[in-house]
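All remarks here apply to the structure that follows.
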Amino acid sequence: MKEHILVVFPHPDDEAFGTAGYLAKQSRKGVPITYVCATLGEMGRNMGKPFFANRETLPEIRKKEIQDACKVMGINDLRLLGLRDKTLEFEDLDVLADTIEKVIKEIKPSLIITFYPGYAVHPDHDACGEATINAVKRLKVDERPLVYCKAFSKNTVENLGEPDVVFDVSDVFDVKLEAIAAHKSQTEGLIANLKKQLQENNEEAIQWLQEEGYYTYRF
Amino acid sequence: MKTITVEDVQKKLNELVNTELYLHLETTNGAYAAHNDATKMNVGAYIRNALISFSLGKITGAGPYRVGLKTSLGWIYAEGLTDYHIDEHDRLLLAGHDTEGRLAVAFQLSKNPF
């Protein structure tokens, strides 16, 4: 099967934290990546540090940031669904699944990356993961691509165990840091902290940047 | 946005009395509040483009500020407001930012839908 990765997340920056390393590695190998982002993160609480956005200017700013982050990671097919941040769980998730199913049928991905429904803390994450999983479930069993999920709720390890797929992304360390930094309005404070931790050789921060764990979804 | 000047906000509120307006009001402590600290609960409320008009609008407090609007049958208010901006669409944008610069409350009025 021809390799093509489909990423489905609800917020600009969701891709940067947990998957930027793997995506950067794959795009460098020439694997095309399609990124479906459901909202523009219009309801973000971070407005830059010091803040430079307001509730009405934030969508345009975050749109530019996600485009910049995609450039950094080598993603050249970004699709913005235009839904509103923090409302996904109230949408008709079958309709959202229809949209995702259409993209799946169009690009025939070999791998889909999304959030693990019920284990992704933010209601938008869970709703997005649920719609994506349901879209895949509509395919015949032998036509379903591999699905990697990000999960980080407190009960994740207890219920799902440790991630079954872990990638060493240390060779794209800088790219990952740059992708996170591209989401300036959300990550300016975080990046400053991270850089400080890196200077101090903080193992937890280094490991967080160097390792990406995923759960293979078992249908 | 800049730090609230009570006179400027009050002047704008006075201009908007008895006008049909669209309201955006939200408050939140973030989707990760309980995830980051189990003693907390996630709380928030959000309304966008509620059509309102008010007979009396006032900004009070010593900063952070409170803004209250008296409507024909009730009240609308928000507290914790620190910054404001009147944008190019003549919309009054009021916001409360915490010490980290994160938006904790937004209270916005516009003559056209947001």
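Those sequence lines, one after another, are chains A and B.
Each residue of the first sequence is one higher than the one before, counting from 6 in the working numbering.
Each residue of the second sequence is one higher than the one before, counting from 38 in the working numbering.
No residue lacks a Cβ here, since even glycine has one placed at the ideal position from N, Cα and C.
Quick caveat, the model's predicted, so the values are computed rather than measured.
- Contact note: R50 (chain A) reaches chain B through T65, G67, R139, L140, A141, using a C-beta cutoff of 8 Å and chain order.
- Taking a C-beta distance under 8 Å as the contact criterion, G53 (chain A) and S190 (chain A) qualify as a contact pair.
- At the C-beta level, I118 (chain A) and T24 (chain A) come within 8 Å of one another.
- Out of A:N59, A:M48, A:G166, A:Q202, the CA that lies nearest to the CA of Y124 (chain A) is found in A:G166.
- Under the three-state reduction of DSSP, H188 (chain A) is assigned to coil, being neither helix nor strand.
- DSSP, read as helix, strand or coil, puts T40 (chain B) in strand.
- By the Cβ-count criterion, T161 (chain A) is buried, with 16 or more other Cβ atoms from all chains shown falling within 10 Å of its own Cβ.
- Non-local C-beta neighbours of L199 (chain A) in its own chain, meaning closer than 8 Å and more than five positions away in sequence, comprise L182, I185, A210, L214, ordered along the chain.
- The alpha carbon of P122 (chain A) has as its nearest neighbour, out of A:D103, A:A156, A:K110, the alpha carbon of A:A156.
- For F95 (chain A), there are no C-beta contacts with chain B under 7 Å, since the nearest C-beta of that chain is about 11 Å from it.
- The C-alpha of H122 (chain B) lies about 37 Å from the C-alpha of S158 (chain A).
- With fewer than 16 other Cβ atoms from the protein chains shown falling within 10 Å of its own Cβ, I84 (chain B) counts as exposed.
- Taking 8 Å as the cut-off, the beta carbon of V177 (chain A) is found closer than this to the beta carbon of K30 (chain A).
- When B:I41, B:A70, B:D120, B:D127 are compared, the shortest CA-CA separation from F56 (chain A) is found for B:D120.
- For N55 (chain B), the secondary structure class from DSSP, reduced to helix, strand or coil, is coil.
- Residue contact check for A132 (chain B) against chain A: a CB pair falls below 8 Å.
- Contact between the region 59–76 of chain A and the region 50–57 of chain B is absent, with fewer than three C-beta pairs closer than 8 Å.
- Counting only Cβ-Cβ distances below 8 Å, F151 (chain B) has contacts in chain A at E61, in chain order.
- Under the DSSP assignment, V108 (chain A) falls outside any beta strand (DSSP E), being part of the alpha helix (DSSP H) whose first and last residues are 98–112.
- Contact of M78 (chain B) with chain A is not assigned, every C-beta pair being separated by 8 Å or more.
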